[in-house]
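S.K.: Going by my numbering, the first residue of the sequence shown is number 143, and it counts up by one from there.
The beta-carbon is built from N, C-alpha and C at its ideal position, and this holds for glycine as well.
Structure incoming, see below.
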Amino acid sequence: MEKRKRSGRVTMRDVAREARVSQSTVSRFLNHTAPLSAETKERIREVIKKLNYRPHLVARNFKKQRTASLGLFVPDITNLFYAELSRGVADMAQKRGYSVILYATSYNRDLERSFVRLVEQGQVDGVVVAYSLIEDSLWNVLFECGIPLVLVDIYPFTERYPSVVMDNEKGIDLALDYLHRLGHNKIAYLGEPPYVLTLVKRQRAFLTGMQRRGLTIRDHWIVVEEKTQLNRVEIGFSLGKRLLKKSPLPTAVVASSDLVAIGAMKAFLNAGMRIPEDLSVIGFDDILLASYFHPSLTTIRQPKYHMGEVGVEFLLRLIEGETTFQHALLEPCLVERNSCQHIL
């Protein structure tokens, strides 16, 4: 209610709360899409009059004016993680008779605002958001315009949206278990800027996992980038060079993503180090490039394509009127390649 008071705009959520009904019930009342009891209709009608609620025209027409298009928000189309996730979204949408409009924001606030305005104006029937929007207020815009929305690779920060995420803590545990079995107890962590909960969880899981195994955590082996720059390979290269200045060096590295791992490996190789003989490296994501880099990268596989498929499945259920929100927690797995070996 505080947000409504600051903006001066009465929302469907406010009406639902005052009338003691769900938002979907208010929506059905406004759009005449399902029968309601006379008592419920009268209560909603009185609250609308009391709050002087003016329903958003686009939101009211979503069910009546289908576009047969879905929106997909991603931050970086050059990142192979988002490329494969996007393919899962597009393939599932096509199977179900929908096309996909890609909103690639490049972490740019102005582009975000512009794309959200297009969604608000009814360009698509629903939206898959695959990263945390930079401008928090845009979430309220999306919610208040009534657009069906699903989060993919974003942990649910509100009960407003269904979500599809992977168990990131388990993924890091798989990486640490594997390195520990290989005899490594001097392990570093290289991380991109922890600007989303997914990355925060990976870093926390590394620290708690090391402690749980009784392994020493050296502060100078936890190297995390603070600047939010777009190119994750460059971040990894910079972090790798920074780690090489530390003494003593670890015997293994866990990276927050494959792109960070590949950038770091390039820095290690340029410095004359051998991988995995001098330093074992494990990534996270299992992007296509991981198997083609030399040496090929051992990594934690995220089911990226499947995440996109499940996201579309959840979204289409919302578009068809389902009111039960679902949350999927998918399982990671370890992919062994050539960037790790037993410590001698």
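M308 bridges to which residues according to DSSP?
M.R.: Walking along the sequence shown from the start, residue 308 turns up at place 166. Bridge partners of M308: L472.
S.K.: What whole-angstrom Cβ distance do L321 and A394 have, given they're in contact under 8 Å?
M.R.: As a working mapping, residue 321 is identified with position 179 in the sequence shown. As a working mapping, residue 394 is identified with position 252 in the sequence shown. Between A394 and L321 the Cβ distance is about 5 Å, and since that is below 8 Å, they are a contact.
S.K.: Among the residues of its own chain, which have a CB less than 8 Å from the CB of L339, if the five just before and after it don't count?
M.R.: Residue mapping note: residue 339 aligns to position 197 of the sequence shown, counting from 1. For L339, where only same-chain residues beyond five positions count, the Cβ hits under 8 Å are S274, I296, Y297 and F299.
S.K.: Assign N194 to buried or exposed, taking buried as 16 or more other Cβ atoms, counted over all protein chains shown, within 10 Å of its Cβ.
M.R.: The residue given as residue 194 occupies position 52 in the sequence shown. Exposed, by the Cβ-count rule.
S.K.: Less than 8 Å between C-beta atoms, sequence neighbours within five positions excluded: which residues of the same chain meet that for R229?
M.R.: Against the sequence shown, residue 229 aligns to sequence position 87. These residues qualify, in order along the chain: Y447 and G450.
S.K.: Output the distance between the C-alpha atoms of S433 and E419, rounded to the nearest integer angstrom.
M.R.: The residue labelled residue 433 in the question sits at position 291 within the sequence shown. The residue labelled residue 419 in the question sits at position 277 within the sequence shown. Near 18 Å, if we compare the C-alpha coordinates of E419 and S433.
S.K.: Among A158, Q483 and V152, which has the Cα closest to the Cα of R323?
M.R.: Walking along the sequence shown from the start, residue 323 turns up at place 181. Ranking A158, Q483 and V152 by Cα distance to R323 puts Q483 first.
S.K.: Hey, is D267 close to the ligand NAP, as in C-beta under 6 Å from one of its heavy atoms?
M.R.: Summarising the ligand content, the structure contains no ligands, and the ligand NAP is consequently not present.
S.K.: Use the C-beta contact count for L471: other C-beta atoms within 10 angstroms, 16 or more gives buried, fewer gives exposed.
M.R.: Your numbering for residue 471 matches position 329 in the sequence shown. Exposed, because fewer than 16 other Cβ atoms sit within 10 Å of the Cβ of L471.
S.K.: Roughly how far, in whole angstroms, is the beta-carbon of A272 from the beta-carbon of L214, given that I think they are within contact range, below 8 Å?
M.R.: By one-based count along the sequence shown, residue 272 stands at place 130. By one-based count along the sequence shown, residue 214 stands at place 72. Contact flag correct, Cβ pair sits at about 7 Å.
S.K.: Counting beta carbon pairs with one atom in the stretch 333-352 and one in the stretch 405-419, are three or more of them shorter than 8 Å?
M.R.: Touching, no.
S.K.: Do you know how far the Cα of Q345 is from the Cα of S241?
M.R.: Looking up residue 241 in the sequence shown gives position 99. Looking up residue 345 in the sequence shown gives position 203. C-alpha separation (whole angstroms): 36 Å.
S.K.: For T441, which of helix, strand or coil comes out of DSSP?
M.R.: Counting from one through the sequence shown, the residue named residue 441 turns up at place 299. Strand.
S.K.: Identify the residues that DSSP records as bridge partners of L212: which are they?
M.R.: By 1-based counting over the sequence shown, the position of residue 212 is 70. In the DSSP output, where bridge partners are listed per residue, L212 has V242 and G268.
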